[in-house]
Every structure is written in structure tokens, then in C-alpha cells.
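Taking the numbering used here, I'd label the letters of the sequence shown as residues 7 to 72.
Okay, structure first, notes after.
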Amino acid sequence: MLLLRQFCTNRELFAGETECEIDEQCVTPSTCVKGKCTCPSGTVQFRRMCASVCPLFYKNQDGVCV
7 MLLLRQFCTN RELFAGETEC EIDEQCVTPS TCVKGKCTCP SGTVQFRRMC
57 ASVCPLFYKN QDGVCV
């Protein structure tokens, strides 16, 4: 449970989700960057998770597998 601005939350945010305020709200290894849980440099976002590369038949578009 995290204490944010005097409110408690149990909700973890996945890569690509918004409205985070601190890194601890984001599922590891993603971190909170400008209110969005973001995968670390050198990784890509695939289905709300961080991966080293996009799976077969997906392409990397600005760090997100599409």
C-alpha cells in the first residue's frame, strides 16, 4: 500500500498506464516518467510489460510493439 497525497492505494500500474506520481506505483522495471509508467531505455513495451525486443510479427514503434 502506498501513501500518495494523503491517500492510500494498492493499485499497481503497468507499462503504458498513466496517472502515476512515483516510481513505486509502476510494476518493475517500468518507472514513472511525466505521469506515465515507462519501460527503461533499451527495452520495449509489449502488452503492458517491458521486453528486450518485440515478438515475431510485431514492430517497434517509438518503444511500443505494434
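Backbone N, C-alpha and C define an ideal beta-carbon position, used for all residues, glycine too.
Suppose contacts are defined by Cβ-Cβ distances below 8 Å. Is residue i in contact with residue j by that definition?
i, j, result
"C43", "E23", "yes"
Any C-beta of chain B sitting closer than 8 Å to the C-beta of residue i?
i, result
"D29", "Of the protein chains in the structure, only one exists, and it is not chain B."
Check the C-beta distance from residue i over to residue j and give it rounded, since I have them as a contact under 8 Å.
i, j, result
"P61", "C71", "7 Å"
"C25", "G41", "Cys is not the amino acid found at residue 25; the sequence shown has Glu there. Right, the Cβ-Cβ distance comes to about 6 Å (below 8 Å), so this counts as a contact."
"F52", "V33", "The pair is not a contact, with the Cβ atoms about 13 Å apart (cut-off 8 Å)."
Taking the alpha carbon of residue i as the point to measure from, which residue in the options has its own alpha carbon closest?
i, options, result
"L65", "M55, P35 and V50", "Going by the sequence as given, residue 65 is Lys instead of Leu. Of M55, P35 and V50, the residue nearest in Cα terms is V50."
"R54", "G48, Q67 and S36", "S36"
"G48", "V33, V59 and V39", "V59"
"E27", "A57, C38, V33 and C56", "C38"
Can you grab the Cα-Cα spacing for the pair residue i / residue j, in whole Å?
i, j, result
"G69", "A57", "10 Å"
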